[in-house]
Every structure is written in structure tokens, then in C-alpha cells.
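Student: Residue numbers (this note's numbering): 5 to 259. Even glycine gets a Cβ: it sits at the ideal position worked out from N, Cα and C.
1) Taking only runs of the alpha helix (DSSP H) that begin and end inside the stretch 61 to 127, which ones reach a length of at least 4 residues, in chain order?
2) For residue 254, does the three-state DSSP call read helix, strand or coil?
3) Whole angstroms is fine: what's the gap from residue 129's alpha carbon to residue 226's?
4) For residue 159, does the count of other Cβ atoms within 10 angstroms reach 16, so buried, or fall short, so exposed?
5) By alpha-carbon positions, which one of 127, 131, 117, 135 ends up nearest to residue 149?
6) Taking all protein chains shown into account, decide if residue 216 is buried (16 or more other Cβ within 10 angstroms of its Cβ) or exposed.
7) If we ignore side chains and look at the alpha-carbon of each, how far apart do residue 101 and residue 123 end up?
8) What would DSSP say about residue 230, mapped onto helix, strand or coil?
9) Quick one: what does DSSP say residue 207 is sitting in, helix, strand or coil?
10) In terms of residue numbering, what span does the alpha helix (DSSP H) encompassing residue 212 cover?
11) Going straight from the alpha carbon of residue 68 to that of residue 230, what length do you get?
12) Relative to the C-alpha of residue 108, which candidate in 89, 38, 200 has its C-alpha closest?
13) Using a Cβ-Cβ cutoff of less than 7 Å, which residues in the same chain neighbour residue 203 once the five nearest sequence positions on both sides are dropped?
14) By the three-class DSSP mapping on this structure, what secondary structure does residue 154 have?
15) Going by Cα to Cα distance, which pick from 65, 243, 175 is closest to residue 192?
16) For residue 243, count neighbouring C-beta atoms within 10 Å of its own C-beta (all shown protein chains included) and say buried if the count is 16 or more, exposed if not.
17) Look at the alpha carbon of residue 168 and the alpha carbon of residue 76, and state the distance between them as a whole number of angstroms.
18) Does residue 65 pass the burial test, meaning 16 or more other C-beta atoms within 10 Å, or should it be called exposed?
19) Can you tell which of 138, 115, 127 has its C-alpha closest to the C-alpha of residue 156?
20) Taking only the alpha-carbon atoms, compute the straight-line gap between residue 206 and residue 140 and give it to the nearest angstrom.
21) Distance, Cα to Cα, residue 91 vs residue 59?
22) In its own chain, which residues sit with a C-beta less than 7 Å from the C-beta of residue 86, not counting the 5 before and 5 after it?
Laid out in C-alpha cells, this is it:
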């Protein structure tokens, strides 16, 4: 997500040097989108009056129930759990998945410092959304476990975002809704959708220019787009692809 904040500007009382650097780092790496990660969230009275905040406890219970249901019943989430387990990184639901309040611009995230998936309880309020977040973020967790992913390396970040969009997000329908598809370029629609989704994800968590992000995505795209591990196929919307991929997972050692 691009912002208009200028890190060289300040207002009011000046902050201690260390605190200022910490805030800059949080924004540069996207942690400002997940206030509970650093213990900085507190409901605003205006949002409580509007009904947007003040129900965090109920939201968390609902979110955790949806997470549990997805882990028990979602084919794509069960496949990713099996792939992580087979790769030596088993998921402990209490340790590795956290329902939290987030900025409304994001629905979930992956924190490599804590090796933990964040499900945004105030944004991902439906089970289908939670399933999408878990599948997407588990691709990042898989890459971190299996491929020595370095999130400080922009090419690594772009690659894992390409893979997550490719395997769990994009279909022709989603490409069309983003304005990336036309009937004359159906073959390009999926790739365009993946690039667009990856671009938004990179810009949301890194303070870099759009042109630089596009260049990085284009550089790594051919290799990363071809990598279908561990799902083995691109999931089409309203199809049996998730169930089929889960049934075939054992053939590739994911049990």
C-alpha cells in the first residue's frame, strides 16, 4: 500500500531517536498494518460509536472458529498443512496462527520474525475469506520453510507473492474484476492478474516506488510463475481443483 507519509517530517513533540527509528522500520516493513504485532492497538472512541471497533473479543472468537473449521474441512488448507508438515515445519494452530485487528487495507499477513500467520479478524469476517488468507499465507510459510526465503530480499518477496497469487488467488473471473482481462487476451489474463496482485502485496508492505516494484516482479516472474509447489496446479474458481489437489498430495509426499 502506498502512503503519503514523509519520514523526514514531524509534528508536535519530537520523539526519541530510537523510537522514531522503530516507527520508521515498522512502516517500511509493513508492521504498521498489524498494530497488535507490536502491542500498539487500542480502540478509538469515534470508531466505537460507529460500531467499527469495541467488539474485538467477539471478532476474535468468530475468527478462531473459522480458522479451526478451515483447518478441519478445507481441502486447500489441509493440503498446505500436510506440505508444511512433510517439509519439517508442522503448523501448531495455537502457535503459528493468530487472529488480530489489522488496518482495513489488508486481510491477513505472514510475520517471518515470529513465523506466524495473521488473520485480520476485523476484515476477514467470512469463512471463505479466512480460507483464502490461510492458503495464501501458508504459501509464504512454505517458501520460508522449504526455500530459505529472505523477506528482506525484494526478489524473494516478489517471488513468494507471485506464487501465492498464482496458486491461491487468481482465476479468469478475478482477472476480469481487476480490469486485467478482455476476451481477446484470455491467455494473458491469469498472468496479468498474478502480477497485479503481487504488485499490490509488495507495495503494501514495502515503501518502494511502483516502477521499482514492477521491474522486480517482471524480473523474477517467469521462474516463479512456473513453480506450482506444493499444490501442483492453479486453482480455478468454482471448480473441484482444491479437492483434486488434496487427493493427489500424497503422490508428491505431502501426507
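Tutor: Well, looking at it:
1) 79 to 90, 97 to 100
2) helix
3) 34 Å
4) exposed
5) 117
6) exposed
7) 7 Å
8) helix
9) helix
10) Careful: residue 212 lies outside any alpha helix (DSSP H) and carries neither H nor E.
11) 34 Å
12) 38
13) 217, 218, 221
14) coil
15) 175
16) exposed
17) 21 Å
18) exposed
19) 115
20) 14 Å
21) 38 Å
22) 253, 258, 259
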